[in-house]
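Notes follow the structure.
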Amino acid sequence: MLPCRAALVAVVLATLAPAGARAGEPAPAAAGGRPDDLVAFTVSGGVSLGAYEAGLSWATVRYLAAVRDGRAGVAALFRPRLAAVTGTSAGAVNALLAAATWCARPERAGDVDENLLLSAWIDLDFDELLPRSARGYRPGDGLLSAAPLERTGALIRSALFGPGAAGAFRPGCRVPVGIAVTQAEPRQRDVAGLTTSTQRLVVPWRLEAGRDGAVAVVRQALLPGELAESVLELDGVPAPGEAAPFRPQVIEDALLASAAVPMAFAPRRLCAPAPADADAERAPARCHEYVDGGVFDNAPIGLAVHLVDAAGGGSVLHPVVFFVVDPELRRLRPPSATDTAAPEHFTLGRHLRLFGSLLATARSAELSRTIGASGWNRTTQRVLREFAEVAAEFAELSATSATAYAPARAPRRPEALGPAPASVSRAAFGRALSACIDRLAAAPISHGREPEPCTRDVAGLSLAPPGPQDAPLPAAEVVRLADGLAALLREAATAPPARRASELPDAETFERRSTLVASALLFLADEAQRVSASGLPEEVLHRFRAAVLEPIRRSDGLTRAAGALLAGLLDAQLERLAAVAPPAVAAEARRARARLATLPGDALLDVDALQGTVAASSALLARGEWDARAMTEAWRGALGVLEARTRLLGLSSRVTALRADAMALADRAATERRLVAPSRFAPLAGAQLSGFAGFLDRPLRRYDYYAGVYEAAHGIAVAECAGGAPEAGDAGPIRLRGSPADVDLTAPATQRCVGQALRRTVDVLGVRASPYASQVVARLAGLELAAWLGRSTRAQLLRQEASWSWLDELAPRPAPAGDPVLATLEALTDRRVPCRSGDTEALCPAELGFGEFLAALSAHGYRAGSEGLRLAMRDQDAWWADTLDRLAGRALAVERTAVGRDPGPLSGAMISAFGAAELLSRRQAERGPTPRLVLDPSTLPVTAAPGQAAWRPLAARLVPYRLSLDVSRGGFAVAWLEPELHLRPWLSIATTLEPVAFRAAHDTWSSAAGAVVLGHARGFSFGAGPRWWADWDGPSGLGIEARVAAVQDRFAVIVGARDPAARSGPQGWFVALSVADLNGLAYWLSPLGAGPSAR
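Residue numbers -23 to -1, 1 to 1072, in mature numbering (1 follows the signal peptide of the UniProt record, and there is no 0), belong to the letters of the sequence shown in order.
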């Protein structure tokens, strides 16, 4: 029940007229006649974050299936049906598998540690996607190998459509599925003489389980509209009832096309069926290439809406819930500090950031357009809750204003305060509300009479915590309460408002009636879901919705009444001002009263009417004829009313918006839609490297998957607490002020509710039986509890209560040292930062950079299973160099092949650029990890690229590795092989092996060998060492050389002496300019290595 001071809903209740007779008692529907609660799922693209999406999707769908099957304890109020699933890229895979999980028999759906969604992602490894050997690629691959994705596609095809899938699904199950793809070549269409083009296409299907428990896919038609013109029909996916065979390979190809990130993967060829009346020989080709659907539609929620509408849409009082799964959405993160004061020069870096922003905007353009459409989150329950809150704010404003500025009234008699509040069940409270409304309708009270006793009785009631034996108020009685309240307010809306202080209603009567109405509105908001689940006929539900929306549709009376109250209060204050002010001001105050009295009843206060009074007061104050303190006291009341008017204007705009929502919902054809975009608290390993880091190692993906399970469980728990009245034994949540459809997670009472609901969800999902899932859920839930409460001590106290004590039992043992999944959990959650600006305690996991993440893994004993991650943990720079080397090599190979087949205008420039990238990346890769012996430091490949002749790298080896020019005495020296020993990233030993050298000053040929100890810092290398030399026709000796090199040691200045110890004769000093990796330069920057591959 609302406090009395916040219960003032409508001043018009002070002059209630008799209400008309109520509608008859509704008859309950036949058993099982209630409609399903539709849930739609949209999964965005996310690269390796698909593992996180897989965990969230599996847990959400399995929980909904458990509710559907009556295994979750909430089926009485919520009977879900998966109405549609859509996705793009990684989300396309998860969308199809989520639909299959929904249709799977419970015994074949898997558990939290082993299911099809997890299996689809667990084996996608970076070293396979970017193999070191050219043999890891197939003809037609892009920068990355498609073999791992094709293996996943084959796994999905076999699990869903293979022989072993027979009997795995519930007969009769149907789920619309949609994915988005991007056509490589734009589709063009002429509209009114204008040529438009589009590349974004959608593929709507329906997954159907036959009588034998096997599934197939058929086309799903969309309703006529813009999206229907962008549908791509695929050959091999028949229309419902069509005799054409279903080919599962087409589904695999379409999924791979939706996941074919441009440049990373090659486009996929998909074919549309030939028209039924087309000549097979003359019909144009209907096959095209397609890539990642996320290019233009990364989260195809618009497709989900169309799929739901095509299947019939929702039903009255049953909102369709649309989930949008996007790993980028975070919660409990402090705002990032950005410096916008200093202008940024338009540099290349800014150009790149701008380009990245444009790409991100393009990827979310369809999502933005769909979200921007009207009607989202326009539900009966939300509108009721928000209106009740706004009405309470009206009440508080009016009550405090009346208390402060109304004329003196007789004090309330002590006995009128009533007894202490009595705790009653929800059913008893609802019946008390209904009975009192009946009495008010039958015997309205005039201004001067004693308040109806029932309003005092209701004000003395409070809701007791729900008990296991408490029966809810029957739905038919809830409908009667709604009908009665609507009739009561309908009559009240026609009453004339008060505009003079003498016409204001009695404060006690006004307060109690307002309390009654406000309590009824909130009661109905909490009972709306129970009524919708009761099985009442659809016509009765329509009538119920119209009745509960009636107060909101007529809420313009609320604004008028509050305005009238303030007008009456202002009139009283102006009367008081006229009595104490100097004559000139008093005369203006009386004129202002007269002008305000002429305003129509629906007008708010006219502040212009006070201009004369204000001007007169200011003039007297300026001339010193009215004391400032006396003037302030005289104006105090009037200024207080005007301040209340400013707040009234803000509340009026909120009422206007809610009234528009209520008018839209009153349409019998209106579909209620809720948009839910789950955010994540958990840090993810896959979030590193722009979403690719999860591919680095299997345990990273497994952790991300379990993090998704936690996020689903936590989201379900919060949704249960926000959904309606608490279940028996549950704590009631605190709702957010300003958004009463949501709960305040910073309140301990709300966290008690979340803890109780989370425990049930964890048990339904079988988390306790999983050694990994239990540890991840326990850790993240404990961290988030403390983060919301703002203090770790508060969380510890709450964890001692029954609502959260189960968390310590979920994972009582510490994580075993070195386990890679749990080490990932520790690495990502060990370092904390404040969750919000102004927080004093660091309670949220920090957002780690890639280097920090690798260091944290090492610190927590992570044992890498992949070669790539082992290298990254040992030497991050070496891993980057190795990765860039592989990418550059693959890019060059792809461009060579393309040039050999169809050279483009930029092919030569691209090949040169990729060749330069090979020079840089290969050179850097040679230096790590340490210690390491490099026999051949040149960037020449060991073997020829695929399709190239084997002689090309061999021919390049005829070119010297190093060429040195003696600029002091003339001459040159060449070397073909100079091994290097890298001891540390900053220390190495380089050899000098010059089999051929010519000294022009002495016309002598010679050879030299030596070793130089080099230090490396800031891109330069410097050092010195011994140098042995021998003339071909004379003496030999031991000298010294010093070297300074730059640009990956390719360019150096060498200073040395042939015989520094000589006491007589020349010591043989020389200064040489040296170029290293000359053969690599010749190979990568010339047609020798960068030329096209064979056709």
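Each residue gets a CB set at the ideal place from its N, CA and C atoms; glycine is no exception.
Sort the options by Cα distance to residue i and report the nearest one.
i: glycine 87; options: Leu59, Arg134 and Arg39; result: Arg39
i: valine 439; options: Ala409, Asp644 and Pro930; result: Note on residue identity: the sequence assigns serine, not valine, to residue 439. For the residues Ala409, Asp644 and Pro930, the minimum Cα distance to serine 439 belongs to Ala409.
i: proline 442; options: Phe406, Thr432 and Asp434; result: Phe406
i: alanine 564; options: Ala544, Ala592, Leu576 and Arg606; result: Ala592
i: tryptophan 1046; options: Val1052, Gly947, Ala36 and Val1021; result: Gly947
i: arginine 522; options: Ala641, Trp963, Leu547 and Leu861; result: Ala641
i: leucine 493; options: Ser411, Gly1000 and Asp533; result: Ser411
i: proline 655; options: Val214, Val298, Val739 and Ala1023; result: Val298
i: serine 998; options: Leu33, Leu1058 and Ala1022; result: Ala1022
i: alanine 662; options: Asp644, Tyr682 and Arg650; result: Tyr682
i: residue 1082; options: Leu280, Leu132 and Asn275; result: Any question about residue 1082 goes unanswered here, given that the chain covers just -23 to 1072.
i: alanine 858; options: Gly826, Pro906, Arg813 and Leu825; result: Pro906
i: phenylalanine 103; options: Arg776, Val301 and Ser843; result: Ser843
i: leucine 910; options: Val936, Ile966 and Ala922; result: Ile966
i: proline 163; options: Glu620, Gly187, Thr175 and Arg904; result: Thr175
i: leucine 645; options: Ser716, Val517, Glu971 and Pro710; result: Residue identity check: residue 645 is arginine in the sequence provided, not leucine. Nearest of Ser716, Val517, Glu971 and Pro710 to arginine 645, Cα basis: Val517.
i: glutamine 1025; options: Val944, Gln901 and Val456; result: Gln901
i: arginine 531; options: Ala368, Val455 and Pro514; result: Ala368
i: valine 192; options: Leu896, Arg134 and Ala234; result: Arg134
i: glycine 617; options: Leu546, Asp1008, Ala841 and His283; result: Leu546
Taking just the CA atoms, how far does residue j sit from residue i?
i: aspartate 212; j: arginine 224; result: 9 Å
i: alanine 7; j: proline 449; result: Low per-residue confidence applies at alanine 7: pLDDT is 38, beneath 50, and the placement is therefore not dependable, though the value from the model is reported in the following sentence. One C-alpha to the other measures close to 19 Å.
i: valine 501; j: valine 525; result: One point to set straight first is that residue 501 is leucine, not valine, in the sequence displayed. Rounded to whole angstroms, leucine 501 to valine 525 spans 7 Å at the Cα level.
i: valine 272; j: alanine 237; result: 10 Å
i: tryptophan 1005; j: alanine 1029; result: 19 Å
i: leucine 673; j: leucine 126; result: 15 Å
i: proline 560; j: serine 375; result: 31 Å
i: aspartate 785; j: alanine 750; result: 14 Å
i: aspartate 548; j: alanine 574; result: 8 Å
i: alanine 75; j: alanine 42; result: 11 Å
i: aspartate 460; j: threonine 19; result: 38 Å
i: leucine 204; j: tryptophan 781; result: 47 Å
i: leucine 232; j: alanine 69; result: 6 Å
i: glutamate 2; j: glutamate 504; result: Only weak support is given to the placement of glutamate 2: the predicted model assigns it a pLDDT of 41, under 50, and the question is left unresolved by the model.
i: glycine 512; j: glutamine 165; result: 50 Å
i: threonine 969; j: alanine 952; result: 8 Å
i: glycine 627; j: leucine 587; result: 21 Å
i: asparagine 71; j: glycine 22; result: 10 Å
i: valine 744; j: leucine 306; result: 24 Å
i: glycine 700; j: leucine 107; result: 47 Å
i: valine 508; j: glutamate 649; result: 16 Å
i: aspartate 100; j: methionine 850; result: 21 Å
i: glycine 27; j: alanine 67; result: 5 Å
i: leucine 284; j: glycine 795; result: 47 Å
i: threonine 801; j: glycine 826; result: 14 Å
Determine the contact status of residue i and residue j, defining contact as a CB-CB distance below 9 Å.
i: leucine 1062; j: alanine 893; result: yes
i: alanine 161; j: valine 89; result: no
i: alanine 988; j: alanine 974; result: no
i: glutamine 853; j: leucine 831; result: yes
i: leucine 551; j: alanine 541; result: no
i: alanine 684; j: alanine 659; result: yes
i: alanine 123; j: arginine 115; result: yes
i: alanine 157; j: leucine 178; result: yes
i: alanine 234; j: leucine 120; result: no
For the putative contact between residue i and residue j, defined by C-beta atoms under 8 Å, what is the C-beta separation to the nearest angstrom?
i: leucine 742; j: alanine 97; result: That pair is no contact at about 19 Å.
i: histidine 691; j: glutamate 803; result: About 20 Å separates the two Cβ atoms, so there is no contact after all.
i: proline 797; j: proline 676; result: 3 Å
- At 4 residues or longer, and completely inside the stretch 207 to 250: list those alpha helix (DSSP H) runs for me, N to C. 225 to 235
- Message: Threshold first: 4 residues or longer. Then list the alpha helix (DSSP H) segments lying entirely within the stretch 733 to 769, N to C.
- Response: 748 to 766
- Run through the stretch 976 to 1061 for me and flag every whole beta strand (DSSP E) of 3 or more residues, listed as ranges in chain order. 981 to 994, 997 to 1008, 1013 to 1023, 1028 to 1034 and 1046 to 1053
- What are the uninterrupted segments assigned as alpha helix (DSSP H) that are 4 or more residues long and contained completely in the stretch 854 to 919, given in chain order? 884 to 902
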